[in-house]
Structures are given as C-alpha cells and as structure tokens.
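**Student:** Top line first, the protein sequences correspond to chains A and B.
With positions in the first sequence counted from 1, the corresponding number in our numbering is that position plus 70.
With positions in the second sequence counted from 1, the corresponding number in our numbering is that position plus 70.
For each residue, glycine too, the CB sits at the ideal point set by N, CA and C.
Number of protein chains: 2
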Amino acid sequence: MPELRKDPVTERWVIIATERGKRPYDASEIAHSWAENDHCPFCAGHEHLTPSEIAAIRDPSSKPNGPGWQVRVVPNKFPALGIDTPLAKQGTGMYDRMTGFGAHEVIIECPDHTQTLHKLPIENIKNVLAVSQNRIEDLQKDTRFRYVLLFRNDGPQAGATIAHPHSQIIATPITPKRVKEELRGAETYFKLKERCVFCDIIDEEKRIGERIVYENEHFVSFCPYWSRFPFEIWLLPKKHELNFYSSRAHLFEMALALKTTMEKLSQVLNNPQYNYIVHSGPNMFARRGYWQTIQDDYHWHFEIIPRLTKVAGFEWGTGFYINPTPPEDAAKYLREANVFV
Amino acid sequence: MPELRKDPVTERWVIIATERGKRPYDASEIAHSWAENDHCPFCAGHEHLTPSEIAAIRDPSSKPNGPGWQVRVVPNKFPALGIDTPLAKQGTGMYDRMTGFGAHEVIIECPDHTQTLHKLPIENIKNVLAVSQNRIEDLQKDTRFRYVLLFRNDGPQAGATIAHPHSQIIATPITPKRVKEELRGAETYFKLKERCVFCDIIDEEKRIGERIVYENEHFVSFCPYWSRFPFEIWLLPKKHELNFYSSRAHLFEMALALKTTMEKLSQVLNNPQYNYIVHSGPNMFARRGYWQTIQDDYHWHFEIIPRLTKVAGFEWGTGFYINPTPPEDAAKYLREANVFV
Numbered sequence: 071m072p073e074l075r076k077d078p079v080t081e082r083w084v085i086i087a088t089e090r091g092k093r094p095y096d097a098s099e100i101a102h103s104w105a106e107n108d109h110c111p112f113c114a115g116h117e118h119l120t121p122s123e124i125a126a127i128r129d130p131s132s133k134p135n136g137p138g139w140q141v142r143v144v145p146n147k148f149p150a151l152g153i154d155t156p157l158a159k160q161g162t163g164m165y166d167r168m169t170g171f172g173a174h175e176v177i178i179e180c181p182d183h184t185q186t187l188h189k190l191p192i193e194n195i196k197n198v199l200a201v202s203q204n205r206i207e208d209l210q211k212d213t214r215f216r217y218v219l220l221f222r223n224d225g226p227q228a229g230a231t232i233a234h235p236h237s238q239i240i241a242t243p244i245t246p247k248r249v250k251e252e253l254r255g256a257e258t259y260f261k262l263k264e265r266c267v268f269c270d271i272i273d274e275e276k277r278i279g280e281r282i283v284y285e286n287e288h289f290v291s292f293c294p295y296w297s298r299f300p301f302e303i304w305l306l307p308k309k310h311e312l313n314f315y316s317s318r319a320h321l322f323e324m325a326l327a328l329k330t331t332m333e334k335l336s337q338v339l340n341n342p343q344y345n346y347i348v349h350s351g352p353n354m355f356a357r358r359g360y361w362q363t364i365q366d367d368y369h370w371h372f373e374i375i376p377r378l379t380k381v382a383g384f385e386w387g388t389g390f391y392i393n394p395t396p397p398e399d400a401a402k403y404l405r406e407a408n409v410f411v
Numbered sequence: 071m072p073e074l075r076k077d078p079v080t081e082r083w084v085i086i087a088t089e090r091g092k093r094p095y096d097a098s099e100i101a102h103s104w105a106e107n108d109h110c111p112f113c114a115g116h117e118h119l120t121p122s123e124i125a126a127i128r129d130p131s132s133k134p135n136g137p138g139w140q141v142r143v144v145p146n147k148f149p150a151l152g153i154d155t156p157l158a159k160q161g162t163g164m165y166d167r168m169t170g171f172g173a174h175e176v177i178i179e180c181p182d183h184t185q186t187l188h189k190l191p192i193e194n195i196k197n198v199l200a201v202s203q204n205r206i207e208d209l210q211k212d213t214r215f216r217y218v219l220l221f222r223n224d225g226p227q228a229g230a231t232i233a234h235p236h237s238q239i240i241a242t243p244i245t246p247k248r249v250k251e252e253l254r255g256a257e258t259y260f261k262l263k264e265r266c267v268f269c270d271i272i273d274e275e276k277r278i279g280e281r282i283v284y285e286n287e288h289f290v291s292f293c294p295y296w297s298r299f300p301f302e303i304w305l306l307p308k309k310h311e312l313n314f315y316s317s318r319a320h321l322f323e324m325a326l327a328l329k330t331t332m333e334k335l336s337q338v339l340n341n342p343q344y345n346y347i348v349h350s351g352p353n354m355f356a357r358r359g360y361w362q363t364i365q366d367d368y369h370w371h372f373e374i375i376p377r378l379t380k381v382a383g384f385e386w387g388t389g390f391y392i393n394p395t396p397p398e399d400a401a402k403y404l405r406e407a408n409v410f411v
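Right under this line is the structure:
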C-alpha cells in the first residue's frame, strides 16, 4: 500500500506509492491506459471491469453493476490511498510517516465514452453534482477523514488517464496544505472584519463587473483578480455556504452556471484540457474543536484551470505564478462568448 | 509593465502581465520561439539580438557584446519583472497590488546551441556556477530585493522557450511563499533542536545510505525521503552554508557533483526534460532584523526535478503530491548508473 511521508522542513505531505517500484519510470504505461472505447472500463456494458459500485443513478428496473445507469460511483481500481489500510502514524529516524489510509472514488458521469460533461443536458449535470454531494457528505461521516476533495482532470495534459467523462473524490486523513492555507486565511480575515472573505470577494467582483464571466440568481463565476493561470475561473454560490453539499436547494442553478461557464471556456479556447477542483469545508466531525468557528468563515467554490501554460522552475522554486493573460481580458472574452445552453 | 497581485485568502502573490492582453491565449507563440540555431539570440555571433551584457567570462582580447565569450549574462528581453519600474505598493478596492519591480537575467551557459550543461567540461560548469554566484551576490546589494532565485528550465515540457543552454535569475521585492515556508520551517526546527534541519537531513541520509545518489568530499546528492516527484534529487554542501555564493571555496566539487548527478539522471531516464532551482538564503540586507538569526538555520541547496508526471487536479487542489516511484528505488538506479566524468 502507499504511504504518506512528511517533508521535515515545510510540513508538506507526499503520497509515496512504495509498492510500485518499477524499473525507471515508464511513460508509455500512462499513454497506453488512455483506453479506446472498446476497452474502456467506464463504458456501459463494461461494468465488470470496475470494482463494485458504491452508488448510482439507474433505471429502477436495472441491477447494480450492470447497464441501465446514468451516473455511477466506483472505488478507484488503482487508489492513491486505500480504505483498507489501518490509519497509523509512525516515526522513522528523523522523519515522519503515516500509512496510506484514505478513500479514492471515481464518478463516471455518463455511459457514453465520447460525451463531455458540459455538453450533457442540465438534468444530467444536476445528477452528477447531486451524486458527488452525497458521496462527500457520506465520506465525512468517517471521522478519520479530515478532508474530502472533488476534482476533475480533463485531457492527458491535465493528468487524465482515461478519456471517458469522469471526476474523482479523494478523502485524506490530514487536512491538505493548500486547504489549510485557505482555511487559515479565511479565519484571519473573519477575525479582522467579521465577514467571510469569499462573500466580500463576490461583492467586490459584482461592484467592479469587469472580471465577471456569468451570473444567475444563485451562482456567479469570475476570473479572480489574483488569477494564477490564463483563463482561471472561480464559481461560487452567492449565498454563504460552507460545504458543497450545503448547496442542494439550488442544484439547477449550479448545473446551469457550471454548464454555461464551461461552454464559454470551451468556445473561447477551442476545447481546452482543464482541471477543476471543488474546495468544500473541512470535515467538521473530525477535530470538531479546531474548526468549530469555520462555519462562518469559509465558503465552498469551484476553481477551474485550463491547461495552457507550463509550470516551470520559477514557479516550483517560489510558489509565485506568472500569468500572461490579465483576468480582465480573459473575462471579457468569456463574457462575450455566446453559448446556447 | 507587469504587476503583482495578492490572493486575499492565502496571501500568495501572482505576477500579472497586464500589458500583454492578446486575443485568447496563443500557444503557437511559445512553440514558435523555440528558435532554430540560425535565429537563436543566445548563439555566438548573435550578441546583437540580446540586451547589453551585464557580465561575461570572455577572451581578454574580445569586446563586450561581441563573440569570444564562454559564459554571458544578459537582461531577459521579456522580463517577468522590470528593474526600471519604481517599487510601489497600492490598494485597489479590497485587493492589494504592487508594481512589477524586480530583475530578470539570463545566464547563457556556452556559445554552442547544441550543447548540454552537464556535458560541458567541469572547468566550464565551474565558470557558469561562479558567474551565477556573483550575480546573486550583486543583486542582493539592492535592498529592495527580498529574494534572488536561480533556476534552469530544460526542454519545452519544463517551460523552456529557447533550446540554447541557459539558466535564469529572478530577483523579487517580496520573499516568495515557498521560500518563506522553508525559512520558517528551518527556523522552527532550529528553535526546537538548536541544529540546522538540512544538516540533520544530510546526517540521516548518510546514516541510512539507501537514498544517496552521489557524494564527494564537500557535496552530496540524494533522493529526499519526501520526494514529491519521481527521481527528484537534492544536492547540498555538506558543510553548513546559508548562501549559494558562500560555497566559493569548493566550486570544483560543486561542479563535479552537479555534472555527475545530472549525467546519472540523464543516463537512467534517457535525457529527461527537467527543472532545477537553487534555494539560497534570503536577502539579509533587506529587513535585516527579521532574518538576522537565519544564518544558522537555513542551508542552500539545489532541487532537481525531472518532468515525468503531470500535475493534476488533486495536486492543485491539495498541495499533496502523488509520487509513483519510491525515492529508494530511484536512488538505487541513479547510484548504480556508471558515468564517466
């Protein structure tokens, strides 16, 4: 099983897949796994190629692990972290490690290999989002998990190894570094202002207007003032909500905002490869005391990143990003793109 | 000129190139600039294609900005940050920004377009390192700079836009986030143990042995216990040294260690594209009070990262890395590679 190891200087954790030590790195292995339709484990009719399903939206007359589904959630066959590993923290010489305990699930978004998430009808996108919300909420019941991340890799440059539309969920036994930075930043801001920093950002962006991409009654998307990447987009609920699954009342507007925003991005950049991540609140059931006040401070959001630039030495060495496209320009192109949703 | 903008949540700074707002992102522009030999601005005889040189190692009979050089340092023609911009900090609505003040220099490592840094004779590598040390030391005299980073992008996947062997230096008016994390981590460790964390890591790696790649009297390279990437390698002076330019006494051993390590990497992974960065101490002349104690805590080092895996949604969303190659395996292959230096 994989193990977690801690950088003794910066306290960053790394997942080391200790069991996979093959003769030097074989890139062809990944290229190969970009499976064609007829070998794709996520296609309808190939349900036997995945582990047993955890959840699904399917025809009432159909059976689990057979065809007849619209959305299907299965454990990742090659998990980064394993649910069967007991959670244990150990020292080794001067270093710290942890067993590779965690959960890694795949949300297969539609039966059709050649589809694209944002081309699906709104009703189907709603279902994908609803199933994802349920999985996150369910995983948070396990208090060994400190955090649950939903993310989507679209295209090989974005790290996807399978073309069939899918997103992923990873639940981790520690709060990840970047999430902790956001939580702490939001907490600091709240202490100073007694307001949520994300709520303030939404107000500011609406006031300025020039970085807004799309807006409906309950959701807004914009290119952040501090965009790290060209055409980076954030998508948030307008009303303060801690968790992704707190936003169940307005799922139609969420699906509409996601579909419209992604259609615009797709039109302006000609179907770019991209990642998105959903930063939801931390697991309040784990270490309840520590995050007890975060309810008012933190605000869940999508971060959408088209893969256009290469991260190079300067970015690795500093954590600075160089963005050649001002977000005001990116937002203008996206706002002006006419899409039919 | 570019400007710096601050993420109001995590306090990460981003360089936004506000003047370059072109119609959607043109990837061909970067591909195009992978200049062929006859248009390469870094080749001998093409000195008029770069801004005037800042430093050079050249034949005593040759003239600046003409042929006859072995190493040449010039300002970057398309700087991420500009030396002519006055440093000013401003608010804009709820956000913070800074003018894009800084320095961005290119170290042209040899006159020959088709060479590779680690294939150069040791004497030439020594000269490249010595010139880099001088530039960093010189830039730190400007107290407006908080940090000076040396880095190298090799190959288009590593973010290089010009094939001719070169490395780069960027001096920034703020201490970059990742550097600050290392400085703070080293400081915390020192407070607890009264020892440098990097010195302890070197001792521990020598004791264990299985992650060592190469070692000579004054330098050691190893795959860190917490390697974020397959075949990640760190290279450090064995004796405690704060700054890259503090290591002038053993430049031969440094060049030998770098050449041997890179030759091994090159042999095992068949000339991978890579980045390396040099993390040297912060600018002690700027904000002397704050970093006054860092002399004993921090230890300069190379971080060498071959570009084998794609950073995907999970890494962006969490700051966790998934490394499929245990550093013990990587180090074994590298240690066993026979290279003739």
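Would you say LEU253 of chain B lies against chain A (beta-carbon separation less than 7 angstroms)?
**Tutor:** No, because no Cβ of chain A sits closer than 7 angstroms to the Cβ of LEU253 of chain B.
**Student:** What are the partner residues of GLU436 of chain B, as DSSP defines its beta bridges?
**Tutor:** The structure shown has nothing for residue 436 of chain B, since chain B only spans 71 to 411.
**Student:** Examine the Cβ distances between the segment 369 to 385 of chain B and the segment 294 to 301 of chain B and report whether three or more of them are shorter than 8 angstroms.
**Tutor:** Counting Cβ pairs under 8 angstroms, three or more are found: they touch.
**Student:** Among all the DSSP beta bridges, which residues are the ones paired with ARG222 of chain B?
**Tutor:** BP columns for ARG222 of chain B point to B:TYR346.
**Student:** Report the start-end ranges of each beta strand (DSSP E) in the segment 245 to 292 of chain A that is 3 residues or longer and not cut off at the edges.
**Tutor:** Runs of the beta strand (DSSP E) inside the segment 245 to 292 of chain A: 282 to 285, 289 to 292.
**Student:** Helix or strand or just coil, what does DSSP make of TYR403 of chain A?
**Tutor:** Helix at TYR403 of chain A.
**Student:** Given LEU220 of chain B, which residues of its chain have a CB within under 6 angstroms of its CB, disregarding the five upstream and five downstream residues?
**Tutor:** Contacts found: SER202, ILE239, VAL348.
**Student:** In whole angstroms, give me the CA-to-CA distance for GLY163 of chain B and HIS183 of chain B.
**Tutor:** So the alpha carbons of these two residues sit roughly 48 angstroms apart.
**Student:** Taking all protein chains shown into account, do 16 or more other C-beta atoms lie within 10 angstroms of the C-beta of GLN140 of chain B, making it buried, or fewer, making it exposed?
**Tutor:** Buried, since its Cβ has 16 or more Cβ neighbours within 10 Å.
**Student:** Check the Cβ-Cβ distances between ILE124 of chain B and every residue of chain A, and say whether any is below 7 angstroms.
**Tutor:** No, because no Cβ of chain A sits closer than 7 angstroms to the Cβ of ILE124 of chain B.
**Student:** Is there a Cβ of chain C sitting closer than 7 angstroms to that of MET71 of chain B, yes or no?
**Tutor:** The structure shown contains no chain C; the protein chains it does contain are A and B.
**Student:** Would ILE206 of chain A and TYR315 of chain A be called neighbours here (beta carbons separated by less than 7 angstroms)?
**Tutor:** Yes, they are a contact pair.
**Student:** Give me the subset of the segment 246 to 280 of chain B whose CB atoms are less than 8 angstroms from a CB atom of chain A, sorted by chain position.
**Tutor:** Within the segment 246 to 280 of chain B, the qualifying residues are PRO246, LYS247, ARG248, VAL249, GLU251, GLU252, GLY255, ALA256, TYR259, VAL267, PHE268, ASP270, ILE271, GLU274, ARG277, ILE278.
**Student:** Assign LEU262 of chain B to buried or exposed, taking buried as 16 or more other Cβ atoms, counted over all protein chains shown, within 10 Å of its Cβ.
**Tutor:** Exposed, since its Cβ has fewer than 16 Cβ neighbours within 10 Å.
**Student:** Reducing DSSP to helix, strand and coil, say where PHE314 of chain A ends up.
**Tutor:** Looking at PHE314 of chain A - three-state DSSP - the assignment turns out to be helix.
**Student:** Using the three-state DSSP reduction, which class does HIS236 of chain A fall into: helix, strand or coil?
**Tutor:** Looking at HIS236 of chain A - three-state DSSP - the assignment turns out to be strand.
**Student:** Under a three-way DSSP split, which group does THR331 of chain A fall into?
**Tutor:** In the structure shown, THR331 of chain A sits in a helix (DSSP, three-state: H, G or I).
**Student:** So what's PHE384 of chain B in DSSP terms, helix, strand or just coil?
**Tutor:** Correct three-state label for PHE384 of chain B: helix.
**Student:** Say whether the segment 247 to 257 of chain B touches the segment 73 to 82 of chain A, bearing in mind that this needs 3 or more beta-carbon pairs closer than 8 angstroms, one atom from each stretch.
**Tutor:** Segments in contact, yes.
**Student:** Would you check if the segment 147 to 166 of chain A and the segment 126 to 137 of chain A touch, i.e. whether three or more CB-CB distances between them fall below 8 angstroms?
**Tutor:** Cβ pair count under 8 angstroms is below three, so no.
**Student:** At a Cβ threshold of 7 angstroms, is PRO394 of chain B touching chain A?
**Tutor:** It does: the Cβ of PRO394 of chain B has a partner Cβ on chain A nearer than 7 angstroms.
**Student:** Looking only at its own chain, which residues have a Cβ that is under 6 angstroms from the Cβ of ILE153 of chain A, when we skip the five neighbours before and after it?
**Tutor:** Closer than 6 angstroms at the Cβ level, and outside the excluded window around ILE153 of chain A, lie ALA173.
**Student:** Is the separation between the beta-carbon of VAL84 of chain B and that of TYR391 of chain A shorter than 7 angstroms?
**Tutor:** Closer than 7 angstroms, so yes.
**Student:** Please classify ARG214 of chain B: does DSSP put it in a helix, a strand, or coil?
**Tutor:** Residue state, collapsed to three classes: coil.
**Student:** From GLY383 of chain B to ASN340 of chain B, what does the alpha carbon distance come to, in whole angstroms?
**Tutor:** So the two alpha carbons sit approximately 28 angstroms from each other.
**Student:** My guess is that VAL290 of chain B and LYS308 of chain B are in contact by the Cβ rule of under 8 angstroms, so how many angstroms apart are they, rounded?
**Tutor:** With 8 angstroms as the limit, VAL290 of chain B and LYS308 of chain B qualify as a contact, their Cβ atoms being about 6 angstroms apart.
**Student:** Distance check for ASN286 of chain B and VAL144 of chain B, CA to CA, integer angstroms please.
**Tutor:** C-alpha separation (whole angstroms): 33 angstroms.
**Student:** Which residues of chain B have a Cβ atom closer than 8 angstroms to the Cβ of ALA382 of chain A, listed in chain order?
**Tutor:** Near ALA382 of chain A (Cβ distances below 8 angstroms), the residues of chain B are PHE221, ASN223, ALA228, GLY229, ALA230, ASN345.
**Student:** How would you write the range of the beta strand (DSSP E) that GLN160 of chain A sits in, first residue to last?
**Tutor:** Here the beta strand (DSSP E) through GLN160 of chain A covers 159 to 162.
**Student:** List the residues of chain B that LYS76 of chain A touches, going by C-beta distances under 7 angstroms, in chain order.
**Tutor:** Near LYS76 of chain A (Cβ distances below 7 angstroms), the residues of chain B are TRP296.
**Student:** Between the segment 152 to 185 of chain A and chain B, which residues of the former have CB atoms less than 7 angstroms from a CB of the latter, in chain order?
**Tutor:** From the segment 152 to 185 of chain A, only GLY163, MET164, TYR165 have a Cβ closer than 7 angstroms to chain B.
**Student:** So LEU306 of chain B packs on PRO235 of chain B, CB below 8 angstroms; how close in whole Å?
**Tutor:** LEU306 of chain B to PRO235 of chain B, Cβ: 23 angstroms. No contact.
**Student:** Between VAL69 of chain B and chain A, is there a C-beta pair that is closer than 7 angstroms?
**Tutor:** One cannot answer for residue 69 of chain B here, as it falls past the ends of chain B, which runs 71 to 411.
**Student:** For LEU157 of chain A, is the classification buried or exposed, using 16 other Cβ atoms within 10 angstroms of its Cβ as the cut-off for buried?
**Tutor:** So LEU157 of chain A ends up on the exposed side.
**Student:** Residues of chain A with CB under 8 angstroms from ARG405 of chain B, in chain order?
**Tutor:** Ordered by position in chain A, no residue passes the 8 angstroms Cβ test against ARG405 of chain B, which lies about 13 angstroms from the chain.
**Student:** Going by alpha carbons, who is nearest to GLU252 of chain B out of B:THR330, B:HIS371, B:GLY138?
**Tutor:** Answer by Cα proximity: B:HIS371.
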